[in-house]
Structure formats: C-alpha cells, structure tokens
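K.L.:
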Amino acid sequence: MKHLISILAAAVLLGLASQAQAVNEPENVIKYRQSVMKSMGGHLGAIVGVVKGEVSYVDHVAAHARGINEMSKLLAGLFPEGTSQFEFAKTRALPEIWDDFSKFEAAAKALEAESAKMVEVAASGDLGAIGGQLQNLGKACGGCHKPFRQKK
Ligand code: HEC
C-alpha cells in the first residue's frame, strides 16, 4: 500500500512537471504577445476616435494612455529568443529583434515615455494638444514596427 501511494505521488509530480513544461511554449508566447499588441491597438484606436471628435470621451484619454504605458513596460519580456518569424510562420517578429536586442528595448522605452507624456497631456483636456501627442505616440509604435515587424 505504501508502495502504491509513493508511485501515485510520483505520477502526480511527473504530471505537474510535464504541465509546467507546456507553459510558455513559443506558440503560446506569440499568441499572448499578439493579444497584448491588440490591446494597445484598441487603446490607440479609442484615442483616435476622441481626437477626431467622433466621441466626446476626452476624460477617458488618460486611462487609455495608462493602459498603453503599462503594456509598454511588458513588451521586451514578450520576445524571448526562439520566437521569431524564422522559427514560426504565425509571427511577424523579424529576426532583427535579436540581432541587437538593446535597440528593441529602446523602442519599447520610447513608447513608455510617449505614453507617459500622453497621460500628462490628457489631463489638460485640450483636444489640440492631445492630437499633437497622438502623433508622437503613433510614431513610437511605428518606430518599432518599421525595423522589427514584417510588413503584411
Ligand atoms: C518595441 C517594439 C514595439 C512597439 C513599441 C510596438 N509594437 Fe506592436 N508589434 C511589434 C512586433 C514585433 C509585432 C509582431 C508580433 C508578432 O507577430 O508576434 C507587433 C504587432 C502588433 C500588432 C498586430 C498584433 C497581431 O494580432 O498580430 C498590433 C495591432 C500592434 N503591434 C499595435 C501596436 C501599437 C498600437 C503600438 C503603440 C501603441 C505598438 N504596437 C508598439 C513590436 C512593437
């Protein structure tokens, strides 16, 4: 009986270990980071709607900017080695990301700075100023997409 229990315990442990290995599979990391990117796309699109005057939610802009700012801090961690387009067809992450990762991190830092600036500008409620900062914010997205994301 004791023997059986220890076998069962070992089996459970093994099961947990193999489960732990399945976490952070490259495909899952790719899917996850694409979700994070889409969330930033959603926030940016929402700010665009306000700046265009399609909606009057000027008081929401800071929240969207904060969302982008929080995500910008996570970006560098979402690109572990072995998750490039060279290895997986479903990602648009170019191998150039890992040629000089500090450049990629700098692009993420630039977004962190521009989104923080947007939080400040949004407090003014001045649509013109928010529109101006929106340009800088968009440039920070493009500043990384251009060198590091494959074109469609
Ligand atoms: C530091 C680099 C970097 C920054 C900054 C960045 N992106 Fe990305 N983005 C990428 C890369 C690389 C991909 C491709 C990811 C993949 O396919 O695995 C991507 C993909 C995307 C996608 C497509 C996601 C999908 O469904 O495949 C969207 C949308 C997106 N980004 C929006 C944004 C927005 C909006 C911003 C700015 C607020 C931004 N990104 C800033 C690097 C960046």
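Residues are numbered in our numbering as their position in the sequence shown, beginning at 1, plus a constant of 336.
Glycine included, every Cβ here is placed at the ideal spot set by N, Cα and C.
This one's a predicted model, so the numbers in the text were calculated from it and none came from an experiment.
Quick check: what's the CA-CA separation for residue 479 versus residue 448?
P.N.:
Residue 479 and residue 448: Cα-Cα distance of roughly 12 Å.
K.L.:
Taking residue 369 as part of the alpha helix (DSSP H), name the residues at either end of that continuous run.
P.N.:
Here the alpha helix (DSSP H) through residue 369 covers 362 to 387.
K.L.:
On the CB-based measure, 16 or more other CB atoms within 10 Å of its CB, does residue 410 come out buried or exposed?
P.N.:
Classification for residue 410: exposed.
K.L.:
Starting from the C-beta of residue 391, find all residues in its chain whose C-beta is less than 7 Å away, skip the five residues before and the five after it, and write them out in chain order.
P.N.:
The answer, listed in chain order, is 385.
K.L.:
Are at least three pairs of beta-carbons, each pair with one atom in the stretch 398 to 406 and one in the stretch 424 to 440, less than 8 Å apart?
P.N.:
With the cut-off at 8 Å, the stretch 398 to 406 and the stretch 424 to 440 do not touch.
K.L.:
Can you find a heavy atom of ligand 1 that lies under 7 Å from the Cβ of residue 481?
P.N.:
Yes, Cβ of residue 481 sits closer than 7 Å to a heavy atom of ligand 1.
K.L.:
Let's see if you can read the secondary structure: which residues bound the alpha helix (DSSP H) around residue 413?
P.N.:
No alpha helix (DSSP H) contains residue 413, which DSSP labels as neither H nor E.
K.L.:
So if DSSP puts residue 401 in a beta bridge, which residue, or which two residues, is it bridged to?
P.N.:
DSSP, once it has assigned bridges, lists no residue as partnering residue 401.
K.L.:
Can you look up residue 444 in the DSSP assignment and give me helix, strand or coil?
P.N.:
Helix at residue 444.
K.L.:
Assuming residue 365 and residue 416 make a contact with CB atoms under 8 Å, what is their CB distance in whole Å?
P.N.:
With 8 Å as the limit, residue 365 and residue 416 qualify as a contact, their Cβ atoms being about 6 Å apart.
K.L.:
Regarding residue 473 and ligand 1, is the C-beta to nearest heavy atom distance less than 7 Å?
P.N.:
For ligand 1, at least one heavy atom lies less than 7 Å from the Cβ of residue 473.
K.L.:
Please report the Cβ distance between residue 463 and residue 387, rounded to the nearest whole angstrom; I am assuming they are in contact, meaning their Cβ atoms lie under 8 Å.
P.N.:
Indeed they touch by this definition, with Cβ atoms about 6 Å apart.
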